[in-house]
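Participant:
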Amino acid sequence: MRINSGFSRIAKHMSSWLTYSQIFGYKPSKEEIINDIRSINLEDALVIIAKFSVLNDQSKKQLKTLINASIQDREEINSVEPFDLISLLYSIKWFLAYGLPKNESTFNNGFPDYYNIFITVLKISDYLEDNIDTEDEVQNLVLKSWLFTRPGDIDRALVRQYVMFEEIAKNRDFKNDLKDSYLDLHSIFEQYFGYSIKDYISVLFALHMPCIKELNLREAFSPNNWGIDLTTFFKKVKIKNVAEQISNDLTVDIKTLKTWAKNTIDNPFDYEILLSKPLFKKGNWLIPFSPGILNSTIFDGLCFKMNQSCSKTKKDFFPFFGRLFEQYISILLSSAVNSAKKITNYEFIDEFLYGKDNKRSPDSHVLLGKTLLIFECKGGRIRKETKISAEPEFSKKDFEKYAIDPIKQANKAYTNILSKKPSVFKNVNKVIILSVSLQSFPKVPKFNDLIADLKGNLHPHIKEIDYIGLYDLELLAYFISHHDISVYKFIKNKKVLDDFIPYRNYYYDKYGGIQRPDLLNEKYMECTNIIRTTLF
């Protein structure tokens with residue numbers, strides 16, 4: 001199997017998981033794994049696997065050290081992670097499908113339960129992907145892994161929902177602009193669920209906080225419980241009844257999950273149910289299946305709940321969300337240009353109307369001299385068939401919808417503006433068009449080929465086109481504000497030198513840690529103050 005040399009470099013930016021067969025030289029049978037699973041109570045096993053997701057790097061190394069005596073090729077084993085979020089959640093799925101409330105047997109080998117569960121996780125990891133024989137199958141694996149492991153920064157998720165749903169959605173000018181298509185999300189949401197969006201976010205953020213700290217082995221597996229102590233939590237918050245209702249809405253019964261786990265056991269990427277129900281209950285404690293999944297509930301889960309409440313009132317949420325998404329990006333880029341510290345002659349141009357028919361320009365523009373950066377946004381959700389199965393027909397259509405079509409739309413608008421309102425871009429001779437989706441597609445050859453096929457049919461001014469996600473857009477906003485290299489040069493160099501590498505990884509390799517844009521820093525403080533006032 002020959003893989004595109006540029007694409008193959010993505011491997012250094014993707015984690016790979018350790019498997020049992022790498023260590024012991026054989027793939028365990030399903031019967032052997034099921035016997036392991038039934039050697040410990042299901043709830044105890046789920047808590048242990050959840051704790052694995054917050055172990056610090058030193059503790060992960062310690063876990064591998066415990067099996068060093070059995071390792072054939074230590075150098076190879078030491079170069080991979082003992083597990084990642086995919087392998088842990090897939091293990092949770094196996095334990096849910098085959099585990100029992102009371103164990104049938106015990107491990108009885110003198111090792112602690114967490115070590116035996118770790119070994120079982122390694123056995124399950126051998127069943128993650130059996131058939132990767134062609135480059136297309138490699139690309140599909142990258143696609144599913146990439147869409148699954150979205151960046152999990154709670155601060156960004158918090159600010160995004162705040163700016164979109166609290167500030168933009170309530171803005172009078174925004175309401176007047178949309179008129180009949182405007183949705184009063186807050187009233188719709190509260191009428192359906194019985195609590196406000198502000199209450200939901202505040203409680204969810206507070207539930208999240210006890211679970212995000214990285215732990216060492218001793219801390220994680222001491223007798224003390226890990227998660228949210230419901231008695232203590234509800235005593236502290238002033239909206240006790242609302243907090244109880246919200247936590248109940250976020251909690252799933254394990255019996256309910258068993259059916260889902262059995263039905264989806266062959267798919268390691270199907271966890272949509274956990275985006276709306278990221279917690280389970282053990283005694284008087286709430287346990288997150290993973291803090292990363294719990295974090296996704298702050299934005300993705302909220303969008304799911306908004307769509308759910310709008311559907312009940314025969315309202316279409318996602319077209320309205322698309323307008324919120326466009327406005328968020330416009331505000332972010334405008335703020336970045338206005339706060340630029342190194343290159344101060346950037347110019348931001350918002351969406352405008354042109355021509356006799358009052359057609360809309362692209363969503364946002366950033367101009368520097370004769371070079372123009374055009375952003376065309378497409379808010380919406382990539383379909384489940386693409387995210388969890390990478391089905392070719394769905395994934396191609398989704399890529400066309402969220403990456404190709406916005407570029408075509410921006411090119412058409414730019415070409416028309418030159419003929420109908422030439423004064424706006426009269427000095428421009430170089431253009432980069434970026435399509436911006438809520439969640440970015442990975443850089444894989446079959447998608448890049450579609451982009452390359454498009455380039456020959458664009459206006460001659462357009463020198464580069466690319467597809468990015470919201471996280472990448474926020475990165476570019478920070479770059480505009482803080483770097484003395486133009487954002488155009490950064491994009492061009494990245495396209496030439498490392499086209500298949502994600503923007504965030506390319507930036508990190510060149511400049512180090514990725515910072516929030518200034519606007520997000522400012523709004524984060526506002527968010528946390530509102531949460532504090534709401535709860536305490």
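In terms of the UniProt record's numbering, the sequence shown is numbered consecutively and its last residue is 536. By construction, the Cβ of each residue, glycine as well, lies at the ideal position given by its N, Cα and C atoms.
Residue 172 and residue 99 look like a contact to me (Cβ under 8 Å); what is the Cβ gap, rounded to whole Å?
Facilitator: Incorrect: roughly 54 Å between the Cβ atoms, too far for contact.
Participant: Using three-state DSSP, classify residue 469 as helix, strand or coil.
Facilitator: Note: residue 469 maps to strand in three-state DSSP.
Participant: May I ask you to report which of helix, strand or coil DSSP gives residue 364?
Facilitator: Strand, per DSSP.
Participant: Where does residue 288 sit, in a helix, a strand or coil, going by DSSP?
Facilitator: It is a strand residue.
Participant: I need the straight-line Cα distance from residue 441 to residue 283, nearest angstrom please.
Facilitator: When rounded, the distance between both Cα atoms is 40 Å.
Participant: Under 6 Å Cβ to Cβ from residue 301, same chain only, skipping five residues before and after it: list those, please.
Facilitator: Within the same chain, residue 301 has close Cβ partners 275 and 276.
Participant: Nearest-angstrom Cα distance between residue 467 and residue 52?
Facilitator: Using only the alpha carbons, I get a separation of about 34 Å.
Participant: Write down the C-beta distance between residue 157 and residue 299 rounded to the nearest angstrom, noting that I regard them as a contact closer than 8 Å.
Facilitator: Confirmed, about 4 Å.
Participant: From the DSSP secondary-structure annotation, give me the bridge partner or partners of residue 251.
Facilitator: According to DSSP, residue 251 bridges with 279.
Participant: Tell me whether residue 37, by its Cβ, gets closer than 7 Å to a heavy atom of the ligand MN.
Facilitator: Ligands in the displayed structure: none, and consequently the ligand MN is not present.
Participant: Would you report the Cα separation of residue 523 and residue 159, rounded to the nearest angstrom?
Facilitator: Roughly 6 Å separates the two Cα atoms.
Participant: How close, in whole Å, do the beta carbons of residue 343 and residue 486 come, if the pair is a contact with beta carbons under 8 Å?
Facilitator: Indeed, because the Cβ distance is near 6 Å, the residues count as touching under 8 Å.
Participant: Taking all protein chains shown into account, decide if residue 292 is buried (16 or more other Cβ within 10 angstroms of its Cβ) or exposed.
Facilitator: Buried: at least 16 other Cβ atoms inside 10 Å.
Participant: Rounded to whole angstroms, what's the CA-CA distance from residue 393 to residue 491? Just pull it up for me.
Facilitator: Taking the straight line from one Cα to the other gives about 30 Å.
Participant: Tell me, please, whether the CB atom of residue 456 is closer than 8 Å to any CB atom in chain D?
Facilitator: Absent from the structure is chain D; it holds one protein chain and no more.
Participant: Would you mind sorting residue 362 into buried or exposed? The rule is 16 or more other CB atoms within 10 Å of its CB.
Facilitator: It is buried - the Cβ of residue 362 has at least 16 other Cβ atoms within 10 Å.
Participant: With residue 430 as the anchor, note down where its beta strand (DSSP E) starts and where it stops.
Facilitator: Per DSSP, residue 430 belongs to the beta strand (DSSP E) from 430–437.
Participant: May I have the straight-line CA-CA distance separating residue 88 from residue 175, to the nearest angstrom?
Facilitator: For residue 88 and residue 175, the distance between alpha carbons rounds to 44 Å.
Participant: Go ahead and pull the three-state DSSP assignment for residue 354.
Facilitator: Residue 354: strand per DSSP, three-state reduction.
Participant: With 16 as the cutoff for other CB atoms within 10 Å, does residue 58 come out buried or exposed?
Facilitator: By the neighbour-count rule (16 or more Cβ atoms within 10 Å), residue 58 is not buried but exposed.
Participant: Return yes when the Cβ of residue 48 is within less than 8 Å of the Cβ of residue 117, no when it is not.
Facilitator: Their beta carbons are under 8 Å apart, which means residue 117 touches residue 48 by this criterion.
Participant: Please state whether DSSP places residue 229 in a helix, a strand or coil.
Facilitator: Looking at residue 229 - three-state DSSP - the assignment turns out to be strand.
Participant: To the nearest angstrom, how far is the alpha carbon of residue 185 from that of residue 309?
Facilitator: Looking at the two C-alpha atoms, the distance is approximately 9 Å.
Participant: Beta-carbon within less than 6 Å of residue 114's beta-carbon, same chain only, minus the 5 sequence neighbours each way: which residues are those?
Facilitator: Answer for residue 114: 48 and 221, listed in chain order.
Participant: On the criterion of 16 or more Cβ atoms from any shown chain inside 10 Å, does residue 218 qualify as buried, or is it exposed?
Facilitator: By the 10 Å Cβ count, residue 218 comes out exposed.
Participant: Just to confirm before moving on: does the CB-CB distance between residue 402 and residue 378 stay below 8 Å?
Facilitator: Against a cut-off of 8 Å, the Cβ pair of residue 378 and residue 402 comes out as a contact.
Participant: Over what stretch of residues does the beta strand (DSSP E) that includes residue 372 continue unbroken?
Facilitator: Start and end: 371–378.
Participant: Between which two residues does the alpha helix (DSSP H) carrying residue 218 extend?
Facilitator: Per DSSP, residue 218 belongs to the alpha helix (DSSP H) from 217–220.
Participant: Could you spell out the range, first to last residue, of the alpha helix (DSSP H) harbouring residue 200?
Facilitator: First-last of the alpha helix (DSSP H) with residue 200: 197–208.
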